[in-house]
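So the sequence lines, in the order shown, correspond to chains H and X.
With the working numbering applied, the first sequence corresponds to residues 1 to 385, in that order.
With the working numbering applied, the second sequence corresponds to residues 1001 to 1661, in that order.
Quick notes on the structure that follows.
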Amino acid sequence: MTGTETLKATEPTGSTGADENPVFAVRNLWKVFGPKADRIPGSEHASLPPAELREATGCTAAVRDVSFDVRKGEVFVVMGLSGSGKSTLVRCLTRLIEPTSGTLAIDGEDVLAMDRARLRELRRHRAAMVFQHFGLLPHRSVLDNVAYGLEIQGLSKAERRAKAAELVAKVGLAGLEDRRPSQLSGGQQQRVGLARALAVDPSVLLFDEPFSALDPLIRREMQDEVVRLHREEGRTMVFITHDLSEALRLGTRIALMRDGGIVQLGTPEEIVGSPADDYVREFVRDVPREQVLTVATAMRPALAGESERGPAVRPDATVSEAIEAVSRSGDPVARVMDGGRLVGVVDHACLLDVVAGTTASAAPEASGTPHDAPDAPDGSREVTA
Amino acid sequence: MATAQATPARPVTTGARRGPLAALRDRPATAKLLLLALVAAVVVPLVHGRWGGGIWPEALTADLSAPLGDVTDWIVSNRDSHPLFLYFFGHISNAVVLSVRGVYLVLLGLGWAGVTVFAAAVAWRVAGIRLALTAGVSFLLCGLLGMWVPTMQTLALMVVAVLASVVLGLLLGLAAGLSDRVFRILRPVLDTMQVLPAFAYLLPVVLVFGIGVPGAVLATVVYAAPPMARLTALGLRGADSGVMEAVTSLGATGRQRLLSARLPLARKELLLGLNQTIMMALSMAVIASVIGAGGLGDRVYQALSSVDVGAALAAGIPIVLLAVVLDRTTEAAGRRIGAEPTGPALLRGWRGWSLAAAVTAAVAVAGRAADGQVWPDGLTVAIAGPVNTAKDWMVDHLYTGVPVVGGTADLASHFTSGVLNPLRSGLTGLPWWSVLLIVAALAWTIGTWRTAATAVLAMAAIGVLGVWEPSMDTLSQVLAAVAVTLVIGFGVAVGAARSERLERLLRPVLDVFQTMPQFVYLIPVVALFGVGRAPAAAAAVVYALPAVIRITTQGLRGVDPAAMECARSLGATPGQQLRQVQIPLARPSLLLAVNQAVVLVLAVVIIGGLVGSGALGYEVVLGLAQGDLATGLVAGAAIVCLGLMLDRVTQPTTRRQRQES
């Protein structure tokens, strides 16, 4: 499928060292609901569109033949409209929903082969989840909710309360320890959910549309909170959302899902700059491209004489930053400098093409020398050759 | 894209098949009736030719009195020797007697002061200071009315019965809450048990345990455990799936999930179950006086059988007080749960409880020192005399000859001769097969073919049991009372739905009326109307009204405000809003109200056998009084069938949540 192709295309040239130890390695994962679901993957029905599949077999393929790696330290966003299978996918990762077929490994260990005790171990220590509707226990105080994960691990009361108090403060709820969830606002409740997940110190955090139920302003605030946490701790995150702007804001890489399959997997820039098909193109049509695309995709080789003048911008600066630099300096072009080396220039035409969307999908090919994107937690921009 | 293409395809196919059959599909009720008429046209002439019309034919009855008589004889003669009784029922019976006796002795040992303070202290801890006062005053009133000892007897029986019901209900509820299969089996049983009149439970218990305290306690347990089981199961199953998923995602084990999440999440339902169990246990503990429960119910029963309204009232008031205190206390406990702890920190948690225990102990010791075990005789107020004087005055002045309205006795006799008698002769005059047909038609139009089949079979069983006539008598009383209930109930509810003020006025009245045990309603109607069928019907109406008014008002008020706003913005008059928006949208609630009315009315009409309403209820009482268990058992079975039939006939297709309070 497109998803795997994109994946394979990015792997060889992706950021160095990222693929040595993927946190999650998912291959050909299927989740089919319905009678005799296990017969669907690999059968002649497997490639039918959803409506025809239901007609023929009575089954619904929520996740179909999905493969991807979640790399250490990245924010892996799974995006899609409701019913695209993204929530099912994230639940398959810790087997809250049992996958129908495929392979799934966490830190190289086969998740599907785990027995119940081992699986509990995985859920207790390695992957914690934050839910759309919070899932807080209404009869417990904020502190006891945050401590709940530690409680079921068998920690003593004093220990778990000390740890929980620390995390309550970390998510900005200090002073509200004794409240009940029902006395908190939606944003505060989700902070409790976040603190509960963080309390067990998991190696990967799973978010299932955590901010969809919140007001836009609170949502923005919570997104900032996640960006901050990610910058501070560098924890691996898998983030499910149906909100494109949220995906573009948070995602190191984005997997765009439709009807259970991954339509495209790539950096925000790749998704916006070179949509894999019409569906993705339609999806990203209203995105302000100049805020997502970098000058590296918009630049052209420098002509003679252009290497001397104009403001310098980094290759991973966004086009809108370059526009600002150009219009401030009054020079016709801006130089794209990568560590003191000139890699190209952007002029008015290049920049306007991005804003107008006329560069289309040719953009990646236009980029010059490949460079090593730093594997930084926040917004590492990588460019494929 | 694919889904977008699939949708327009569908209307086209249905459009092509449009015709008379499709029209019938759109009106399933008409289709069902047509089919039924077709079946009837074939079957009725055959049946009529073979067995004739009129009441249920002799040829189709099975006389069960002989075999049942044998069974009862066998049980009576083997009760003291057969191992089944010696080693199973005997132990149960002994355990019940011992525990009731133990609780009773403890209550007596605490003395009246101790018990009163204990009740107040418990109410204070779980429900606050106002209910503590209510509890204290109520217990003192019981003593003041000279009813201390019967109150303690009833309380002792209640304590044992409620504990047993709660344990049994919790176990069943846990099983049904955690296992789908158990739930599927148990749910219809529990649902059905809740619609059966209390009287139906008495006879089988008497058959095994004889008349006395063990039978009374067990009948109470059987009657009171189902709500606990139902609500436990529903609470456990209704746990927020998001929370349960979150708990699982953190790696909780099965036991941790149950103890730290599922059970606490269901605590509201559990407390509601406890509340309902207590109220039903009280209701039954009072009725069980008929099979030797003793206590308050017995006093009422004895007084009613000699039409001594004063004595009945003196025993009835403590019952109402107990009901109100128990209901409000458990309800307030349910409301408080999950709220922030309040009050001074010194009195929270175990400190408050130990203070309550200490005060109770101190008062009990002080009471004993002052030799105050039993309520002092000098401190009672005999209300029986004055009440009877008042009642005699009523008999003289209100029974007949009141200008314009006529007297209450006149009213009752008019109701009997003008409504009940024609209805009864109409029902017995109907060919038996037409009754079955009507039942089938009613049940099938608003329900499914399953409910219709159950209803028809239940009705036929009544005929087979050979109690067609008394059943038709009971049915006529039920129908008349239900009609009156619905007319008054819907009228009041429409008013209450429109006027906030009326609803506020009604609410406390309905609250009190809904907590009172069925038995108590017989006292005022006997005072007002004497004995007979009309007073029983009146008691049934009064008993069923609160539930009907409440459900209907809630239904009318619960109508989508957007729909109402839309109707108003189009300029609909209040009448149009009611007819065209509120009533159609509140249809499920209205059907539920009818269902509840039927079930509640039947329960009281049966108990009416105690005040001369005759029919099935009287046969049960007669069977008990004369030790003729066979007659009583047949009547009891007929009551079960009648209850089943009436419930199924009024049951909307989609099984809904029964009204929970």
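Even glycine gets a Cβ: it sits at the ideal position worked out from N, Cα and C.
(request) Give me the Cα-Cα distance between X/Gly-1636 and X/Asp-1560, rounded to the nearest whole angstrom. (result) Approximately 43 Å between the Cα atoms of the pair.
(request) Classify X/Ala-1369 as buried or exposed, calling it buried when 16 or more other Cβ atoms lie within 10 Å of its own Cβ. (result) With fewer than 16 other Cβ atoms within 10 Å, it is exposed.
(request) Using a Cβ-Cβ cut-off of less than 9 Å, give me the residues of the stretch 198 to 224 of chain H that come near chain X, in sequence order. (result) Residues passing the 9 Å Cβ filter: Val-200, Leu-206.
(message) Suppose contacts are defined by Cβ-Cβ distances below 9 Å. Is X/Val-1649 in contact with X/Val-1439 by that definition?
(response) Remark: C-beta atoms of X/Val-1649 and X/Val-1439 approach each other more closely than 9 Å.
(request) Rank H/Val-200, H/Pro-288, H/Ile-262, H/Val-78 by C-alpha distance to the C-alpha of H/Val-272 and give the top, closest one. (result) Nearest C-alpha to H/Val-272: H/Pro-288.
(request) Give the interface partners of H/Ile-240 over in chain X, defined as CB-CB distance under 8 Å, in chain order. (result) Listed along chain X is no residue with a C-beta nearer than 8 Å to that of H/Ile-240; the closest approach is about 13 Å.
(message) Please list the terminal residues of the continuous alpha helix (DSSP H) segment that includes X/Asn-1421.
(response) Segment 1421 to 1429, the alpha helix (DSSP H) holding X/Asn-1421.
(message) Contact criterion: CB-CB distance below 9 Å. Does H/Phe-396 meet it with respect to chain X?
(response) In this structure chain H extends from 1 to 385, so residue 396 of chain H is not present and cannot be described.
(request) Look at the alpha carbon of X/Val-1365 and the alpha carbon of X/Ala-1357, and state the distance between them as a whole number of angstroms. (result) The straight-line gap from Cα to Cα measures roughly 12 Å.
(message) Within the continuous beta strand (DSSP E) that includes H/Gly-388, where are the two ends?
(response) Only positions 1 to 385 of chain H appear in this structure, which leaves residue 388 of chain H out of reach.
(message) Considering just the uninterrupted stretch of the beta strand (DSSP E) at X/Leu-1650, what are its terminal residues?
(response) The residue you asked about is not Leu; residue 1650 of chain X is Thr in the sequence shown. Taken as a continuous stretch (DSSP letters only), X/Thr-1650 belongs to no beta strand (DSSP E), as it is neither H nor E.
(request) Quick one: residues in its chain with C-beta nearer than 6 Å to the C-beta of X/Arg-1262, no 5 flanking neighbours on either side, listed in chain order? (result) Annotation for X/Arg-1262: Leu-1236, Ala-1239 place their beta carbon closer than 6 Å to its own, counting only its chain and skipping 5 residues before and after.
(request) Find the residues of chain H that neighbour X/Pro-1264, judging by a C-beta separation of less than 9 Å, and give them in chain order. (result) Residues of chain H passing the Cβ test: Leu-137, Pro-138, His-139, Arg-140.
(request) Could you name the residues of the same chain whose beta carbon sits closer than 6 Å to that of H/Ala-25, not counting the 5 residues immediately before and after it, in chain order? (result) Here the set comprises Asp-69, Ala-105.
(request) Starting from the beta carbon of H/Asp-149, find every residue of chain X whose beta carbon is closer than 8 Å, and list them in chain order. (result) Note that residue 149 of chain H is Gly in the sequence shown here, rather than Asp. Within 8 Å of the CB of H/Gly-149, the CB atoms of chain X belong to Leu-1250, Gly-1251, in sequence order along the chain.
(request) State the Cα-Cα distance for the pair X/Leu-1170 and X/Trp-1074, rounded to the nearest angstrom. (result) So the alpha carbons of these two residues sit roughly 35 Å apart.
(message) Residues of chain X with CB closer than 9 Å to the CB of H/Ile-262, please, in chain order.
(response) Per Cβ cutoff of 9 Å: no residues; H/Ile-262 is ~18 Å from chain X at best.
(message) For X/Pro-1204 and X/Val-1182, what's the separation of their Cα atoms in angstroms?
(response) Roughly 25 Å separates the two Cα atoms.
(message) One question on the structure: do H/Leu-352 and H/Ile-240 come within less than 9 Å of each other, judged by their Cβ atoms?
(response) In this structure, H/Leu-352 keeps its C-beta atom at 9 Å or more from the C-beta atom of H/Ile-240.
(request) Determine whether the Cβ of X/Arg-1450 lies closer than 9 Å to any Cβ atom of chain H. (result) So, not an interface residue.
(request) Put H/Leu-217 into one of helix, strand or coil per three-state DSSP. (result) Three-state result, H/Leu-217: helix.
(message) Are the CB atoms of H/Ala-213 and H/His-139 within a distance shorter than 9 Å?
(response) With contacts defined as CB atoms closer than 9 Å, H/His-139 and H/Ala-213 fail to qualify as a contacting pair.
(request) Measure the C-alpha to C-alpha separation of X/Ala-1293 and X/Asp-1396 and round it to an integer number of angstroms. (result) Taking the straight line from one Cα to the other gives about 35 Å.
(request) Could you list the residues in the stretch 1269 to 1297 of chain X with a C-beta less than 8 Å from some C-beta on chain H, going in chain order? (result) Taken residue by residue, none of the stretch 1269 to 1297 of chain X has a beta-carbon sitting less than 8 Å from a beta-carbon on chain H.
(request) Pick helix, strand or coil for X/Arg-1139, following the three-state DSSP scheme. (result) Checking the sequence, you will find Phe at residue 1139 of chain X rather than Arg. Looking at X/Phe-1139 - three-state DSSP - the assignment turns out to be helix.
(message) Is any non-hydrogen atom of the ligand MG found closer than 8 Å to the C-beta of H/Arg-120, if you look at the structure I gave you?
(response) For the structure depicted, the ligand MG is absent and the ligand set is empty, with no information on it obtainable.
(request) Measuring alpha carbon to alpha carbon, tell me which of X/Pro-1470, X/Arg-1335, X/His-1414, X/Gly-1385 ends up nearest X/Arg-1424. (result) Minimum Cα distance to X/Arg-1424 is reached at X/Pro-1470.
(request) Inspect the beta-carbon positions of X/Ala-1229 and X/Met-1279 and report whether they are closer than 9 Å. (result) With contacts defined as CB atoms closer than 9 Å, X/Ala-1229 and X/Met-1279 fail to qualify as a contacting pair.
(request) Using the Cα positions of H/Ala-362 and H/Pro-275, report the straight-line distance between them to the nearest angstrom. (result) Confidence at H/Ala-362 is low in this model, with a pLDDT of 42, below 50, so the placement of that residue should be treated as unreliable; the coordinate-derived value is given next. Taking C-alpha positions only, H/Ala-362 is separated from H/Pro-275 by approximately 10 Å.
(request) Pull up the distance between the alpha-carbon of H/Leu-229 and that of H/Asn-145, whole angstroms please. (result) When rounded, the distance between both Cα atoms is 20 Å.
(message) So, with DSSP's three-state summary, where would you put H/Lys-86?
(response) Residue state, collapsed to three classes: helix.
(message) Using 8 Å for Cβ pairs, my map puts X/Val-1542 next to X/Pro-1535. What's the rounded Cβ distance?
(response) Contact between X/Val-1542 and X/Pro-1535 does not hold, since their C-beta atoms are separated by about 10 Å, which reaches or exceeds 8 Å.
(message) Taking only three categories from DSSP, how would you classify H/Gln-264?
(response) Here H/Gln-264 carries a strand assignment [DSSP, helix/strand/coil].
(message) Give the list of continuous alpha helix (DSSP H) stretches no shorter than 4 residues that lie fully inside the stretch 112 to 141 of chain H.
(response) DSSP runs (the alpha helix (DSSP H)) wholly in the stretch 112 to 141 of chain H: 116 to 121.
(message) Mapping the DSSP letters down to three states, classify H/Ala-317 as helix, strand or coil.
(response) Assignment of H/Ala-317 by DSSP, reduced to helix, strand and coil, places it in the coil class.
(request) Check H/Lys-31 in the structure and name its three-state DSSP category. (result) In the structure shown, H/Lys-31 falls within a strand segment according to DSSP collapsed to helix, strand and coil.
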